[in-house]
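K.L.:
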Amino acid sequence: MSGEIQLEELTKKFDEHVAVDGISLDMPAGEFFTLLGPSGCGKTTTLRMVAGFERPTSGRILLDGKDVARTPPHQRNVNTVFQSYALFPHLDVSKNIAFGLKYLRLDKEERNRRVREALELVNLSEFANRKADQLSGGQQQRVALARALVLRPQVLLLDEPLGALDAKLRKSLQVELKGLQAELGITFVFVTHDQEEALTMSDRIAVMNNGHVEQAASPRDIYEAPDTVFVADFLGVSNLLSAEAVGPDGSGCTVRIGDRTFRCQQGALDARGEVRVMIRPERIGIESRSDGASGEERMPGMVERSVFLGGLHEVHVRVLGGELLKATVANDGKPLPFALESGTAVNVHLPPDALRVLKMSEEPQASDAEPAEEETIENVSA
Amino acid sequence: MDRLRNPWGKPRFLAVITIFYIFWSVVPVLLAVMFAFNNGRSRTTWQGFSFRWFTGPTGSVLHDPALQGALKHTLLLAGFCVLIATPIGVALALGLQRWRGRGSGTVNTVMLLPLVTPEIVMGVALLLLFLRVFPGIGLGTEAQVIGQVTFTLSYVVVIVRGRLVSIGPEFEEAAADLGAPPRDRMFRVLLPLLAPAIVAAAAVTFATSIDDFVVTQYLSSDASTTTVSMLLYSSARGAPTPALNAIATVGLVITLLTLTLAFLVYRRFASGQDAAAVATMEV
Chain A
1 MSGEIQLEEL TKKFDEHVAV DGISLDMPAG EFFTLLGPSG CGKTTTLRMV AGFERPTSGR
61 ILLDGKDVAR TPPHQRNVNT VFQSYALFPH LDVSKNIAFG LKYLRLDKEE RNRRVREALE
121 LVNLSEFANR KADQLSGGQQ QRVALARALV LRPQVLLLDE PLGALDAKLR KSLQVELKGL
181 QAELGITFVF VTHDQEEALT MSDRIAVMNN GHVEQAASPR DIYEAPDTVF VADFLGVSNL
241 LSAEAVGPDG SGCTVRIGDR TFRCQQGALD ARGEVRVMIR PERIGIESRS DGASGEERMP
301 GMVERSVFLG GLHEVHVRVL GGELLKATVA NDGKPLPFAL ESGTAVNVHL PPDALRVLKM
361 SEEPQASDAE PAEEETIENV SA
Chain B
383 MDRLRNPWGK PRFLAVITIF YIFWSVVPVL LAVMFAFNNG RSRTTWQGFS FRWFTGPTGS
443 VLHDPALQGA LKHTLLLAGF CVLIATPIGV ALALGLQRWR GRGSGTVNTV MLLPLVTPEI
503 VMGVALLLLF LRVFPGIGLG TEAQVIGQVT FTLSYVVVIV RGRLVSIGPE FEEAAADLGA
563 PPRDRMFRVL LPLLAPAIVA AAAVTFATSI DDFVVTQYLS SDASTTTVSM LLYSSARGAP
623 TPALNAIATV GLVITLLTLT LAFLVYRRFA SGQDAAAVAT MEV
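Listed in order, the protein sequences are those of chains A and B. If you read the first sequence in my numbering, its first letter stands for residue 1, the second for the next number, and so on. If you read the second sequence in my numbering, its first letter stands for residue 383, the second for the next number, and so on.
Below you can see the structure in the form of structure tokens.
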């Protein structure tokens, strides 16, 4: 199968600003690969270099083993779905889709057949003669997709293609896109700042921050086994506790959080000194303090807020030492065994196999990991 | 009174000012047009309605050789001006838009200079140019065309660049991505998208050329290079007849038709692309 992309030490500088800082990534053929990160992390610039719109400052872009870093975009067998779709407003839907077929030197018959097929693929056959501006956002998105796929590229690049759509449509298109990718078997490189979207669709995710790749792994590994504080914080809800790693403990590591000692069995177990300990809300157990004194693996705290979210309760617990932990308790239909109102004294249970040791990052983290809506200024500002 | 006023209503004094302004600017024009249809030699006393100054046997626009010549020469200059200024202006706009290097800022400013330079300065400068630097060209039709192109070019560049900015680089990138080489990006994507702006620019050039007086006057040579505006100016103090109003009316109608046509074309083809860009040409 073709469509494998390898990035080697890829760097892009805009004047003094380094947008992409020597990243190396393997995107295996036929995979749904996602570049995930906050605004300004360099994900769009990376995609634009693969497409050929930006010239790398240094490094190589291997497409099936061949370096295409200096190949102009119209000679690369990759196609792009733009964030704003970039449908040609002076052409109707079928002419938009047929635009690139001219360069494949097909006969007229074949050209028409391919356009028809592409229209069917995205369920837009009856809109063939509409102008782009007479379509809804979701339909425009499909036309953009058809226009790229009709050329049968080895790789399809998608730059936040669902960003402009409303939440519901987005969800259904996520599933559709993933299905389409599996059906066609071509490599999708997908750029998004939406972690949920990334988790839903990807075979593999590369989390980017400040022009670097923080971690590239499967969605499950990214979520369950983040390598860095940034990744832990960016994907899902994480509780990150300041701690001091004091020494080995069998197969795990002992950390001191406040005046208490906990065992951790995940993450950087060889770390010593100042570390962060991470635990997901769904892994935290909440126990009534009256069940007994706080013992091993436990920490006393006070419920500060409890929010009913339908499928689960989200409980904010202020623990000894002042840190706020978020825990979730699944709603199994029965009443809670004890009240979770604010002010209730509880113990939080932090099991060793859910505690993950993360080394402190060497460089300062982006102060705000919340994804922003727009990425348009990524190229010019830090 | 204050309590009765609709708080969501538009401020009344603005409406009054607007209406007053419209009267102030339109009424003189309407009066001038009205006397073009006067059935008498007076340009101030109404003597009944007639077409004699348009089509009458003597002294009318249709039969007076001087008026005829001026009208033809005006249209000739405007035609040449459009044919030359539009393509050069579009090319310049494209070039300036892409040029990101050193000096591009300066060139941008220089491009806009003709818009703010007093026309009389421009006229004198061009006169000296053709008398001293390029005596080979000399004064006359060629000089008038070159002179008009010199400053209408700026209009073309400004209008086309405005459109280029609103189009953005994305459509060209999309075309490149789909396999179009640079030439096709220009002819299959960019020029069709620019077409409304080009038509608008051509119309503005045409109208500006017809209206121009100062530069055209400075660079004229003899009676054969007299335009409508020059004729109006020179005979206003001589023996004015309503024929002057008539020819001015013809000029006015041509200008209005051109601009209306351009506006319609622009709106028709730019619809849905960018409503804001339409405003650039209404200026």
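Where a beta carbon is used, it is the ideal one built from N, C-alpha and C, also for glycine. It should be emphasised that the depicted structure is a prediction, and the values quoted were computed from it without experimental measurement.
Strictly under 8 Å for the Cβ-Cβ distance: is B:Phe553 near chain A by that measure?
P.N.:
yes
K.L.:
Considering only the alpha carbon of each residue, which of A:Val319, A:Ala217 and A:His349 lies closest to A:Leu35?
P.N.:
A:Ala217
K.L.:
Between B:Gln450 and B:Pro622, what straight-line distance do the alpha-carbon atoms span, to the nearest angstrom?
P.N.:
16 Å
K.L.:
Output, in chain order, the set of chain A residues within a Cβ distance shorter than 9 Å of B:Leu575.
P.N.:
Phe88, Pro89 and His90
K.L.:
Alpha carbon to alpha carbon, how far is A:Asn77 from A:Thr45?
P.N.:
19 Å
K.L.:
With 16 other CB atoms within 10 Å as the buried threshold, where does B:Asp559 fall?
P.N.:
buried
K.L.:
Taking 7 Å as the cut-off, is the beta-carbon of B:Ile470 closer than that to any non-hydrogen atom of the ligand FAD?
P.N.:
Annotation note on the ligand FAD: not contained in the displayed structure, which lists no ligands.
K.L.:
My parser needs the beta strand (DSSP E) runs of 3 or more residues fully inside the segment 156 to 196 of chain A; what are they?
P.N.:
187 to 192
K.L.:
DSSP three-state label for A:Lys108, please.
P.N.:
helix
K.L.:
Quick one, which residues of the segment 557 to 588 of chain B are near chain A if we go by CB-CB under 9 Å, in chain order?
P.N.:
Ala557, Ala558, Asp559, Leu560, Gly561, Ala562, Pro563, Pro564, Asp566, Arg567, Arg570, Val571, Pro574, Leu575 and Ala577
K.L.:
Using three-state DSSP, classify B:Arg423 as helix, strand or coil.
P.N.:
coil
K.L.:
Check whether chain B comes within 8 Å of A:Asn79, counting only Cβ atoms and requiring the distance to be less than that.
P.N.:
By this cut-off, A:Asn79 is an interface position.
K.L.:
Could you pull the DSSP bridge partners for A:Gly301 from this structure?
P.N.:
A:Val319 and A:Val346
K.L.:
Answer yes if the segment 205 to 225 of chain A comes into contact with the segment 20 to 39 of chain A, meaning at least three C-beta pairs across the two stretches below 8 Å, and no otherwise.
P.N.:
yes
K.L.:
Identify, in the order they occur along the chain, each residue of the same chain with its Cβ nearer than 7 Å to the Cβ of B:Phe462, setting aside the five sequence neighbours on each side.
P.N.:
Counting only residues of its own chain and dropping the five nearest sequence neighbours on each side, B:Phe462 has a CB closer than 7 Å to the CB of Val527.
K.L.:
DSSP on A:Thr261, reduced to helix/strand/coil?
P.N.:
When DSSP states are grouped into helix, strand and coil, A:Thr261 belongs to the strand group.
K.L.:
8 Å is my cut-off, CB to CB: does A:Gly138 come that close to chain B?
P.N.:
no
K.L.:
At the level of alpha carbons, what is the spacing between B:Trp428 and B:Leu508?
P.N.:
Straight-line Cα distance between these residues: approximately 42 Å.
K.L.:
Closest to A:Asp133 by C-alpha separation, out of A:Leu149, A:Asp92 and A:Arg116, would be which residue?
P.N.:
A:Asp92
K.L.:
How is the alpha helix (DSSP H) around A:Thr45 delimited, first residue to last?
P.N.:
Lys43 to Ala51
K.L.:
Could you tell me which chain B residues have their CB closer than 8 Å to the CB of A:Leu151, listed as they occur along the chain?
P.N.:
Leu560 and Gly561
K.L.:
Hey, is A:Phe234's beta-carbon within less than 8 Å of any beta-carbon in chain B?
P.N.:
no
K.L.:
Leaving out the 5 sequence neighbours to the left and right, which residues in its chain are closer than 8 Å to B:Thr468 when beta-carbon positions are compared?
P.N.:
Val538, Ile580, Ala583, Ala584 and Thr587
K.L.:
Should B:Arg394 go down as buried or exposed, given a rule of 16 or more other Cβ atoms within 10 Å for buried?
P.N.:
exposed
K.L.:
Checking contacts by CB at 8 Å: is A:Phe188 closer than that to chain B?
P.N.:
no
K.L.:
On the DSSP bridge list, what partners appear for A:Gln140?
P.N.:
Paired residue(s): none; A:Gln140 is not in a bridge.
K.L.:
Do A:Val122 and A:Leu145 have their beta-carbon atoms positioned less than 8 Å apart in this structure?
P.N.:
yes
K.L.:
Show which residues of chain B have a CB atom less than 7 Å away from the CB atom of A:Gly100.
P.N.:
Leu560 and Gly561
K.L.:
Could you check where the beta strand (DSSP E) with A:Gly273 kicks off and where it finishes?
P.N.:
Gly273 to Ile279
K.L.:
Helix or strand or just coil, what does DSSP make of B:Thr609?
P.N.:
coil
K.L.:
Could you check how far apart the C-beta atoms of A:Tyr85 and B:Ala562 are, in whole angstroms? I think they sit under 8 Å.
P.N.:
Incorrect: roughly 17 Å between the Cβ atoms, too far for contact.
K.L.:
Please classify B:Glu555 as buried or exposed, where buried requires at least 16 neighbouring CB atoms within 10 angstroms.
P.N.:
buried
K.L.:
Taking the alpha helix (DSSP H) that B:Gln526 falls in, what are its first and last residues?
P.N.:
Thr523 to Ile549
K.L.:
Using CA atoms only, rank isn't needed, just tell me which of B:Phe533, B:Pro410, B:Arg567 and B:Ala625 is closest to B:Val492.
P.N.:
B:Phe533
K.L.:
Round the Cβ separation of A:Arg130 and A:Gln266 to the nearest angstrom and send it over; I've been treating them as touching at under 8 Å.
P.N.:
In fact, because the Cβ distance is near 53 Å, the residues do not count as touching under 8 Å.
K.L.:
In chain B, which residues lie with their C-beta within 8 Å of the C-beta of A:Pro73?
P.N.:
Glu555, Ala558 and Asp559
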